[in-house]
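For the sequence shown, the working numbering begins at 472 and goes up steadily by one.
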Amino acid sequence: MCVFIDGLDEIFGEDGDTKMTSFEPDDDFDDGRSDTSFASLDELVAAASKKVKSSGVAGAGETRDTIPDESDVSDPSATGGPGPDDEFAFTWSKKTERIQVISSWDSEFQSSFNEKKVPTAISFGRNNKVTWGYNIAFDADQARWFKLLLIDDEDLPEDVRNSAKINEARQYLSKHNKTATEVAALFLRQLWNHSIQRITETASRNVLNYSKFHIVITLPAIWPAYACTRMKEVATLAGMLANRGVGGDTELSFVSEPEAAALATLSDMEGRCDIKAGDSFVVVDCGGGTVDLISYEVVSLSPMVVKECIKGQGGLCGSVFVDEALTSILEREFGKKQWAKMSTDSRKDLLYEKWELGIKSSFGGDEKIWKFTMPFECLDKKALKAIQARNPLPKITITDNDIRGAFDMVLGKILQMLDEQVQAVQRKNLKNPKVMYSHI
(Lines of atoms letter the chains of each structure in order from A and count residues from 1; the text may use other names and numbers.)
(Lines give C-alpha, C1' and ligand atoms only; values in the text may rest on other atoms or scores of the structure.)
Protein backbone atom coordinates (compact mmCIF):
# COMPACT_ATOMS: atom_id res chain seq x y z
CA MET A 1 0.00 0.00 0.00
CA CYS A 2 1.25 3.49 -0.79
CA VAL A 3 -0.14 6.88 0.23
CA PHE A 4 0.49 9.93 -1.96
CA ILE A 5 0.23 13.14 0.04
CA ASP A 6 -0.64 16.52 -1.47
CA GLY A 7 1.03 18.67 1.15
CA LEU A 8 1.70 22.36 1.71
CA ASP A 9 3.97 22.56 -1.33
CA GLU A 10 0.93 21.85 -3.51
CA ILE A 11 -1.25 24.27 -1.57
CA PHE A 12 1.24 27.08 -2.17
CA GLY A 13 1.90 26.07 -5.77
CA GLU A 14 5.49 24.79 -5.72
CA ASP A 15 6.47 23.25 -9.05
CA GLY A 16 7.67 19.67 -9.21
CA ASP A 17 6.57 17.59 -12.17
CA THR A 18 6.57 13.84 -11.78
CA LYS A 19 7.75 11.52 -14.55
CA MET A 20 6.93 7.85 -14.73
CA THR A 21 7.16 5.17 -17.35
CA SER A 22 3.91 4.99 -19.25
CA PHE A 23 1.61 2.04 -19.84
CA GLU A 24 -0.76 1.64 -22.75
CA PRO A 25 -3.76 -0.68 -22.63
CA ASP A 26 -4.00 -3.63 -24.96
CA ASP A 27 -6.98 -3.04 -27.27
CA ASP A 28 -8.12 -6.62 -26.72
CA PHE A 29 -7.60 -6.68 -22.98
CA ASP A 30 -9.77 -5.43 -20.14
CA ASP A 31 -9.55 -6.88 -16.67
CA GLY A 32 -12.44 -4.79 -15.39
CA ARG A 33 -10.27 -2.94 -12.89
CA SER A 34 -8.28 -0.01 -14.20
CA ASP A 35 -6.73 1.34 -17.36
CA THR A 36 -3.06 0.53 -17.85
CA SER A 37 -1.85 3.65 -19.66
CA PHE A 38 -0.11 6.17 -17.45
CA ALA A 39 2.39 8.81 -18.50
CA SER A 40 2.61 10.22 -14.99
CA LEU A 41 1.40 9.60 -11.48
CA ASP A 42 -1.29 12.21 -12.00
CA GLU A 43 -2.55 10.28 -15.02
CA LEU A 44 -2.54 7.05 -13.02
CA VAL A 45 -4.66 8.71 -10.36
CA ALA A 46 -6.99 10.27 -12.92
CA ALA A 47 -7.36 7.03 -14.83
CA ALA A 48 -8.23 5.09 -11.70
CA SER A 49 -10.82 7.67 -10.67
CA LYS A 50 -12.31 7.83 -14.17
CA LYS A 51 -12.54 4.05 -14.39
CA VAL A 52 -14.31 3.85 -11.06
CA LYS A 53 -16.76 6.65 -11.77
CA SER A 54 -17.60 5.30 -15.22
CA SER A 55 -18.47 2.00 -13.55
CA GLY A 56 -21.07 3.70 -11.38
CA VAL A 57 -18.86 3.66 -8.31
CA ALA A 58 -18.72 6.45 -5.80
CA GLY A 59 -15.44 8.12 -4.98
CA ALA A 60 -14.43 9.20 -1.50
CA GLY A 61 -17.01 11.52 -0.03
CA GLU A 62 -19.71 10.55 -2.53
CA THR A 63 -22.86 8.63 -1.70
CA ARG A 64 -24.38 5.90 -3.85
CA ASP A 65 -26.91 3.14 -3.31
CA THR A 66 -24.14 0.57 -3.53
CA ILE A 67 -20.78 0.34 -1.86
CA PRO A 68 -18.15 2.21 -3.90
CA ASP A 69 -15.91 0.04 -6.07
CA GLU A 70 -12.54 1.70 -5.83
CA SER A 71 -10.45 0.05 -3.19
CA ASP A 72 -8.66 -2.85 -1.71
CA VAL A 73 -7.53 -4.15 1.55
CA SER A 74 -3.96 -4.18 0.65
CA ASP A 75 -1.72 -7.01 1.26
CA PRO A 76 0.54 -4.52 0.76
CA SER A 77 2.73 -3.02 -1.30
CA ALA A 78 3.41 -3.83 -4.75
CA THR A 79 4.33 -7.14 -3.22
CA GLY A 80 1.45 -7.74 -1.24
CA GLY A 81 -1.19 -10.25 -2.33
CA PRO A 82 -3.11 -12.15 0.19
CA GLY A 83 0.12 -13.45 1.56
CA PRO A 84 1.69 -13.43 4.97
CA ASP A 85 3.16 -9.93 4.95
CA ASP A 86 2.02 -6.34 4.40
CA GLU A 87 4.05 -3.31 3.38
CA PHE A 88 3.25 0.38 3.71
CA ALA A 89 4.97 3.29 1.97
CA PHE A 90 4.26 6.98 1.52
CA THR A 91 5.50 9.91 -0.53
CA TRP A 92 4.60 13.50 -1.33
CA SER A 93 2.68 13.52 -4.61
CA LYS A 94 5.26 15.65 -6.43
CA LYS A 95 8.25 13.84 -5.01
CA THR A 96 7.40 10.28 -5.99
CA GLU A 97 11.04 9.40 -6.49
CA ARG A 98 11.45 9.71 -2.72
CA ILE A 99 9.12 6.97 -1.56
CA GLN A 100 9.62 6.23 2.12
CA VAL A 101 8.88 2.69 3.27
CA ILE A 102 7.78 2.33 6.87
CA SER A 103 10.21 -0.05 8.52
CA SER A 104 9.54 0.32 12.22
CA TRP A 105 6.79 -1.84 13.67
CA ASP A 106 5.52 -2.49 17.18
CA SER A 107 7.04 -5.74 18.37
CA GLU A 108 6.75 -7.44 21.72
CA PHE A 109 8.10 -10.89 20.90
CA GLN A 110 10.60 -10.40 18.07
CA SER A 111 12.76 -7.70 16.58
CA SER A 112 11.16 -5.77 13.76
CA PHE A 113 13.82 -3.08 13.46
CA ASN A 114 14.24 -2.03 9.84
CA GLU A 115 11.76 -4.64 8.60
CA LYS A 116 9.95 -3.42 5.49
CA LYS A 117 7.02 -5.77 5.94
CA VAL A 118 4.76 -6.74 8.79
CA PRO A 119 3.02 -10.13 9.07
CA THR A 120 -0.57 -10.05 7.84
CA ALA A 121 -1.83 -11.70 10.99
CA ILE A 122 -4.29 -10.86 13.74
CA SER A 123 -5.13 -12.58 17.01
CA PHE A 124 -8.07 -12.22 19.40
CA GLY A 125 -7.31 -12.74 23.06
CA ARG A 126 -9.34 -12.38 26.22
CA ASN A 127 -12.28 -10.01 25.89
CA ASN A 128 -11.54 -9.89 22.15
CA LYS A 129 -8.30 -7.98 22.70
CA VAL A 130 -6.64 -7.52 19.32
CA THR A 131 -2.95 -8.12 18.68
CA TRP A 132 -1.45 -7.95 15.21
CA GLY A 133 1.73 -8.24 13.20
CA TYR A 134 4.92 -8.71 15.17
CA ASN A 135 3.09 -8.38 18.48
CA ILE A 136 1.59 -11.85 18.10
CA ALA A 137 3.44 -14.56 20.02
CA PHE A 138 5.16 -17.16 17.85
CA ASP A 139 2.84 -20.00 18.91
CA ALA A 140 -0.34 -17.93 19.41
CA ASP A 141 -3.62 -18.90 17.81
CA GLN A 142 -4.02 -16.39 14.99
CA ALA A 143 -5.70 -15.62 11.68
CA ARG A 144 -3.78 -15.37 8.44
CA TRP A 145 -4.92 -15.52 4.82
CA PHE A 146 -8.26 -14.04 5.85
CA LYS A 147 -8.33 -11.58 2.96
CA LEU A 148 -8.79 -14.40 0.48
CA LEU A 149 -12.04 -15.23 2.25
CA LEU A 150 -13.46 -11.96 0.92
CA ILE A 151 -13.69 -13.72 -2.44
CA ASP A 152 -16.52 -16.16 -3.25
CA ASP A 153 -15.32 -19.76 -3.06
CA GLU A 154 -16.28 -20.49 -6.65
CA ASP A 155 -14.01 -17.67 -7.84
CA LEU A 156 -10.92 -19.01 -6.11
CA PRO A 157 -8.68 -21.49 -7.95
CA GLU A 158 -9.37 -25.01 -6.72
CA ASP A 159 -5.94 -25.43 -5.14
CA VAL A 160 -6.41 -22.16 -3.26
CA ARG A 161 -9.99 -22.93 -2.23
CA ASN A 162 -9.04 -26.31 -0.76
CA SER A 163 -5.67 -25.34 0.72
CA ALA A 164 -4.90 -25.98 4.37
CA LYS A 165 -4.12 -22.28 4.89
CA ILE A 166 -7.56 -21.17 3.74
CA ASN A 167 -9.30 -23.83 5.83
CA GLU A 168 -7.35 -22.71 8.90
CA ALA A 169 -8.49 -19.13 8.30
CA ARG A 170 -12.12 -20.24 7.94
CA GLN A 171 -11.95 -22.18 11.20
CA TYR A 172 -10.38 -19.27 13.10
CA LEU A 173 -13.04 -16.82 11.92
CA SER A 174 -15.80 -19.29 12.77
CA LYS A 175 -14.32 -19.88 16.23
CA HIS A 176 -14.40 -16.16 16.99
CA ASN A 177 -17.73 -15.56 15.23
CA LYS A 178 -16.33 -12.96 12.84
CA THR A 179 -16.66 -12.38 9.13
CA ALA A 180 -13.77 -11.96 6.72
CA THR A 181 -14.80 -8.34 6.23
CA GLU A 182 -14.66 -7.63 9.97
CA VAL A 183 -11.28 -9.28 10.46
CA ALA A 184 -9.74 -7.65 7.39
CA ALA A 185 -11.00 -4.25 8.56
CA LEU A 186 -9.63 -4.77 12.07
CA PHE A 187 -6.21 -5.63 10.71
CA LEU A 188 -6.18 -2.78 8.22
CA ARG A 189 -7.21 -0.32 10.95
CA GLN A 190 -4.18 -1.37 13.00
CA LEU A 191 -1.89 -1.02 9.98
CA TRP A 192 -3.35 2.35 9.02
CA ASN A 193 -3.21 3.87 12.51
CA HIS A 194 0.37 2.73 13.00
CA SER A 195 1.41 4.10 9.61
CA ILE A 196 -0.25 7.47 10.19
CA GLN A 197 1.62 7.70 13.48
CA ARG A 198 4.93 7.09 11.69
CA ILE A 199 4.11 9.58 8.93
CA THR A 200 3.20 12.17 11.58
CA GLU A 201 6.60 11.70 13.21
CA THR A 202 8.19 12.48 9.85
CA ALA A 203 5.99 15.31 8.59
CA SER A 204 4.25 16.76 11.69
CA ARG A 205 0.57 16.75 12.57
CA ASN A 206 -0.10 20.24 11.19
CA VAL A 207 1.22 19.36 7.74
CA LEU A 208 -0.89 16.21 7.59
CA ASN A 209 -4.01 18.05 8.73
CA TYR A 210 -3.74 20.33 5.69
CA SER A 211 -2.76 17.56 3.27
CA LYS A 212 -4.91 15.53 0.91
CA PHE A 213 -4.34 11.76 0.87
CA HIS A 214 -4.53 9.48 -2.13
CA ILE A 215 -4.18 5.81 -1.20
CA VAL A 216 -3.11 3.31 -3.84
CA ILE A 217 -3.38 -0.38 -2.92
CA THR A 218 -2.49 -3.48 -4.89
CA LEU A 219 -4.80 -6.36 -5.80
CA PRO A 220 -3.78 -9.97 -6.48
CA ALA A 221 -4.08 -10.99 -10.12
CA ILE A 222 -6.49 -13.81 -9.25
CA TRP A 223 -9.11 -11.49 -7.71
CA PRO A 224 -12.30 -10.83 -9.72
CA ALA A 225 -13.55 -7.30 -10.39
CA TYR A 226 -16.33 -7.45 -7.75
CA ALA A 227 -13.69 -7.80 -5.04
CA CYS A 228 -13.12 -4.06 -5.33
CA THR A 229 -16.55 -3.39 -3.84
CA ARG A 230 -15.77 -5.56 -0.84
CA MET A 231 -12.36 -3.98 -0.46
CA LYS A 232 -13.97 -0.56 -0.41
CA GLU A 233 -16.18 -1.68 2.45
CA VAL A 234 -13.20 -3.01 4.37
CA ALA A 235 -11.20 0.19 3.88
CA THR A 236 -14.17 2.26 5.03
CA LEU A 237 -14.66 0.15 8.16
CA ALA A 238 -10.93 0.48 8.85
CA GLY A 239 -11.30 4.26 9.02
CA MET A 240 -9.02 4.96 6.08
CA LEU A 241 -11.60 7.12 4.32
CA ALA A 242 -12.86 8.98 7.38
CA ASN A 243 -13.40 12.71 6.87
CA ARG A 244 -10.16 14.56 7.53
CA GLY A 245 -11.62 18.05 7.80
CA VAL A 246 -9.32 20.67 6.26
CA GLY A 247 -7.37 18.01 4.37
CA GLY A 248 -10.45 17.04 2.41
CA ASP A 249 -11.69 13.65 1.28
CA THR A 250 -9.23 10.81 0.93
CA GLU A 251 -9.07 9.21 -2.52
CA LEU A 252 -8.63 5.47 -2.92
CA SER A 253 -7.37 3.65 -6.01
CA PHE A 254 -5.96 0.24 -6.74
CA VAL A 255 -3.65 -1.50 -9.18
CA SER A 256 -2.97 -5.18 -9.83
CA GLU A 257 0.07 -6.63 -8.10
CA PRO A 258 1.86 -7.82 -11.25
CA GLU A 259 1.25 -4.41 -12.82
CA ALA A 260 2.81 -2.73 -9.79
CA ALA A 261 5.75 -5.13 -9.98
CA ALA A 262 6.16 -4.21 -13.65
CA LEU A 263 6.38 -0.54 -12.71
CA ALA A 264 9.16 -1.42 -10.28
CA THR A 265 11.19 -3.17 -13.00
CA LEU A 266 10.87 -0.66 -15.83
CA SER A 267 13.56 1.66 -14.50
CA ASP A 268 16.01 -1.22 -14.91
CA MET A 269 15.03 -1.63 -18.56
CA GLU A 270 15.42 1.96 -19.71
CA GLY A 271 18.60 2.52 -21.66
CA ARG A 272 19.30 -1.16 -22.32
CA CYS A 273 20.76 -1.58 -25.80
CA ASP A 274 19.24 -5.06 -26.22
CA ILE A 275 15.65 -3.85 -25.84
CA LYS A 276 13.72 -2.55 -28.83
CA ALA A 277 10.13 -1.77 -29.77
CA GLY A 278 8.13 -4.94 -30.29
CA ASP A 279 10.02 -6.93 -27.66
CA SER A 280 8.06 -8.54 -24.86
CA PHE A 281 8.91 -9.43 -21.29
CA VAL A 282 7.35 -11.32 -18.40
CA VAL A 283 7.26 -10.00 -14.84
CA VAL A 284 7.14 -12.58 -12.05
CA ASP A 285 6.13 -11.10 -8.70
CA CYS A 286 7.06 -13.62 -6.00
CA GLY A 287 5.42 -12.82 -2.69
CA GLY A 288 5.12 -14.55 0.63
CA GLY A 289 1.76 -16.09 -0.19
CA THR A 290 1.04 -15.63 -3.88
CA VAL A 291 3.03 -15.43 -7.08
CA ASP A 292 1.66 -13.18 -9.83
CA LEU A 293 2.78 -12.98 -13.46
CA ILE A 294 2.05 -10.56 -16.29
CA SER A 295 3.49 -9.97 -19.77
CA TYR A 296 4.14 -6.67 -21.55
CA GLU A 297 5.19 -5.56 -25.01
CA VAL A 298 7.53 -2.60 -25.54
CA VAL A 299 5.77 0.08 -27.61
CA SER A 300 8.55 2.67 -27.67
CA LEU A 301 11.89 3.32 -26.00
CA SER A 302 11.90 7.11 -25.72
CA PRO A 303 9.82 7.61 -23.76
CA MET A 304 9.68 4.07 -22.40
CA VAL A 305 6.14 2.89 -23.13
CA VAL A 306 4.85 -0.66 -22.74
CA LYS A 307 1.45 -2.27 -23.14
CA GLU A 308 0.03 -5.36 -21.51
CA CYS A 309 -0.10 -8.21 -23.99
CA ILE A 310 -1.09 -11.18 -21.81
CA LYS A 311 -3.55 -11.09 -18.92
CA GLY A 312 -2.01 -11.44 -15.49
CA GLN A 313 -2.35 -14.67 -13.58
CA GLY A 314 -1.51 -15.78 -10.07
CA GLY A 315 -1.26 -18.77 -7.81
CA LEU A 316 -0.93 -19.68 -4.16
CA CYS A 317 2.73 -20.70 -4.28
CA GLY A 318 4.64 -18.08 -2.30
CA SER A 319 7.52 -18.57 0.09
CA VAL A 320 5.32 -19.61 3.01
CA PHE A 321 4.81 -22.95 1.29
CA VAL A 322 8.57 -23.48 1.25
CA ASP A 323 8.39 -22.95 5.02
CA GLU A 324 5.65 -25.57 5.30
CA ALA A 325 7.69 -28.08 3.32
CA LEU A 326 10.73 -27.48 5.53
CA THR A 327 8.60 -27.91 8.66
CA SER A 328 7.42 -31.30 7.37
CA ILE A 329 11.03 -32.35 6.78
CA LEU A 330 12.05 -31.34 10.30
CA GLU A 331 9.08 -33.18 11.79
CA ARG A 332 10.08 -36.29 9.86
CA GLU A 333 13.71 -36.12 11.02
CA PHE A 334 12.99 -35.28 14.66
CA GLY A 335 10.10 -37.75 14.84
CA LYS A 336 6.45 -36.86 15.33
CA LYS A 337 6.45 -37.52 19.08
CA GLN A 338 9.60 -35.48 19.64
CA TRP A 339 8.31 -32.68 17.42
CA ALA A 340 5.06 -32.53 19.39
CA LYS A 341 7.03 -32.15 22.64
CA MET A 342 9.17 -29.30 21.32
CA SER A 343 8.81 -26.01 23.19
CA THR A 344 7.84 -22.73 21.58
CA ASP A 345 11.33 -21.32 22.09
CA SER A 346 12.94 -24.34 20.43
CA ARG A 347 10.62 -24.17 17.43
CA LYS A 348 11.21 -20.46 17.08
CA ASP A 349 14.96 -21.04 17.13
CA LEU A 350 14.65 -23.63 14.38
CA LEU A 351 12.03 -22.05 12.13
CA TYR A 352 12.85 -18.38 12.56
CA GLU A 353 16.44 -17.90 13.70
CA LYS A 354 18.06 -20.80 11.83
CA TRP A 355 15.72 -21.18 8.85
CA GLU A 356 14.08 -17.84 8.08
CA LEU A 357 17.07 -15.66 8.92
CA GLY A 358 19.74 -18.13 7.84
CA ILE A 359 19.38 -21.13 5.57
CA LYS A 360 16.37 -19.97 3.56
CA SER A 361 17.85 -16.71 2.31
CA SER A 362 21.38 -18.01 1.73
CA PHE A 363 20.71 -21.39 0.12
CA GLY A 364 22.19 -21.55 -3.36
CA GLY A 365 21.98 -25.25 -4.13
CA ASP A 366 25.50 -26.15 -3.01
CA GLU A 367 26.20 -29.50 -1.38
CA LYS A 368 26.00 -29.02 2.35
CA ILE A 369 24.61 -30.51 5.54
CA TRP A 370 23.12 -28.84 8.60
CA LYS A 371 23.02 -30.40 12.05
CA PHE A 372 20.42 -29.46 14.64
CA THR A 373 20.62 -30.47 18.28
CA MET A 374 17.63 -32.32 19.70
CA PRO A 375 16.07 -30.02 22.34
CA PHE A 376 16.20 -31.39 25.87
CA GLU A 377 12.39 -31.48 26.20
CA CYS A 378 12.15 -33.82 23.21
CA LEU A 379 14.34 -36.56 24.67
CA ASP A 380 12.88 -39.93 25.62
CA LYS A 381 13.95 -41.91 28.70
CA LYS A 382 16.75 -43.70 26.87
CA ALA A 383 18.22 -40.45 25.60
CA LEU A 384 17.94 -38.85 29.03
CA LYS A 385 19.95 -41.68 30.56
CA ALA A 386 22.58 -41.19 27.89
CA ILE A 387 22.78 -37.51 28.79
CA GLN A 388 23.22 -38.40 32.45
CA ALA A 389 26.16 -40.54 31.34
CA ARG A 390 27.69 -37.36 29.90
CA ASN A 391 26.93 -38.22 26.30
CA PRO A 392 26.20 -35.23 24.01
CA LEU A 393 22.67 -34.36 23.00
CA PRO A 394 21.60 -36.24 19.84
CA LYS A 395 21.51 -34.33 16.54
CA ILE A 396 19.47 -34.61 13.38
CA THR A 397 20.90 -33.92 9.92
CA ILE A 398 19.33 -31.98 7.05
CA THR A 399 20.98 -32.15 3.63
CA ASP A 400 21.01 -29.87 0.62
CA ASN A 401 18.71 -32.38 -1.07
CA ASP A 402 16.16 -31.84 1.71
CA ILE A 403 16.32 -28.07 1.31
CA ARG A 404 16.18 -28.33 -2.47
CA GLY A 405 13.12 -30.55 -2.17
CA ALA A 406 11.36 -27.92 -0.06
CA PHE A 407 11.99 -25.29 -2.73
CA ASP A 408 11.20 -27.57 -5.67
CA MET A 409 7.62 -28.15 -4.53
CA VAL A 410 6.93 -24.43 -4.91
CA LEU A 411 9.23 -23.62 -7.81
CA GLY A 412 7.53 -26.27 -9.93
CA LYS A 413 4.23 -24.37 -9.73
CA ILE A 414 5.92 -21.05 -10.48
CA LEU A 415 7.73 -22.46 -13.51
CA GLN A 416 4.48 -23.95 -14.79
CA MET A 417 2.77 -20.54 -14.67
CA LEU A 418 5.81 -18.94 -16.28
CA ASP A 419 5.69 -21.49 -19.08
CA GLU A 420 2.00 -20.70 -19.63
CA GLN A 421 2.80 -16.98 -19.92
CA VAL A 422 5.63 -17.61 -22.37
CA GLN A 423 3.45 -19.87 -24.52
CA ALA A 424 0.68 -17.26 -24.53
CA VAL A 425 3.18 -14.62 -25.68
CA GLN A 426 4.40 -16.95 -28.42
CA ARG A 427 0.86 -17.51 -29.66
CA LYS A 428 0.28 -13.77 -29.83
CA ASN A 429 3.67 -12.41 -30.88
CA LEU A 430 5.15 -15.53 -32.49
CA LYS A 431 8.40 -15.15 -30.56
CA ASN A 432 9.77 -15.69 -27.08
CA PRO A 433 9.82 -12.91 -24.49
CA LYS A 434 13.25 -11.29 -24.60
CA VAL A 435 13.58 -10.76 -20.88
CA MET A 436 11.90 -12.07 -17.76
CA TYR A 437 12.05 -10.13 -14.50
CA SER A 438 11.40 -11.39 -11.02
CA HIS A 439 10.25 -9.05 -8.26
CA ILE A 440 10.54 -10.50 -4.76
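Each residue gets a CB set at the ideal place from its N, CA and C atoms; glycine is no exception.
> Per DSSP, what kind of secondary structure is Ala614 in: helix, strand or coil?
Replying inline: strand
> Between the C-alpha atoms of Asp497 and Pro729, what's the straight-line distance to the nearest angstrom?
Replying inline: Low confidence applies here, because Asp497 scores a pLDDT of 41, under 50, leaving its location unreliable; read the following figure in that light. Answer to the nearest angstrom: the Cα atoms are 15 Å apart.
> Ends of the alpha helix (DSSP H) at Thr707?
Replying inline: Ala698 to Leu708
> In angstroms, rounded to a whole number, what distance separates the CA positions of Pro774 and Ser634?
Replying inline: 44 Å
> What first and last residue would you give for the beta strand (DSSP E) that runs through His685?
Replying inline: Lys683 to Leu690
> Gly710 to Ile693, Cα distance in whole Å?
Replying inline: 26 Å
> Is DSSP giving Phe834 helix, strand or coil here?
Replying inline: coil
>> Which residues does DSSP list as the beta-bridge partners of Lys842?
In response: Thr868
> When we look at the beta-carbon of Asp756 and count the other beta-carbons within 10 Å, is it buried (16 or more) or exposed?
Replying inline: buried
> chain C beta carbons: is any one of them nearer than 8 Å to that of Asp720?
Replying inline: As a matter of chain content, chain C is missing from the structure shown, which is built from one protein chain.
> Which one or two residues does DSSP pair with Trp603 in a beta bridge?
Replying inline: Ile593
> Thinking just about the alpha-carbon of each residue, which of Cys788, Gln784 and Leu822 is nearest to the one in Glu802?
Replying inline: Leu822
> How many Å lie between Leu627 and Leu620 at the Cα?
Replying inline: 9 Å
>> Assuming contact is defined by CB atoms lying nearer than 8 Å, are Ser766 and Ala748 in contact in what I supplied?
In response: no
>> Quick check: what's the CA-CA separation for Leu512 versus Lys683?
In response: Bear in mind that a pLDDT of 41 at Leu512, under 50, signals an unreliable position, so the model cannot answer this.
> Can you name the residues that DSSP bridges to Cys849?
Replying inline: None; Cys849 has no bridge partner.
> Quick one: what does DSSP say Lys782 is sitting in, helix, strand or coil?
Replying inline: strand
> In three-state terms, what does DSSP make of Asp577?
Replying inline: coil
> Rounded to a whole number of angstroms, what is the C-alpha to C-alpha distance between Ala674 and Ile570?
Replying inline: 14 Å
>> Beta-carbon within less than 6 Å of Leu708's beta-carbon, same chain only, minus the 5 sequence neighbours each way: which residues are those?
In response: Ala656
> Fully enclosed by the segment 797-823, which alpha helix (DSSP H) runs are 4 residues long or longer?
Replying inline: 807-812 and 815-819
> Taking all protein chains shown into account, do 16 or more other C-beta atoms lie within 10 angstroms of the C-beta of Val754, making it buried, or fewer, making it exposed?
Replying inline: buried
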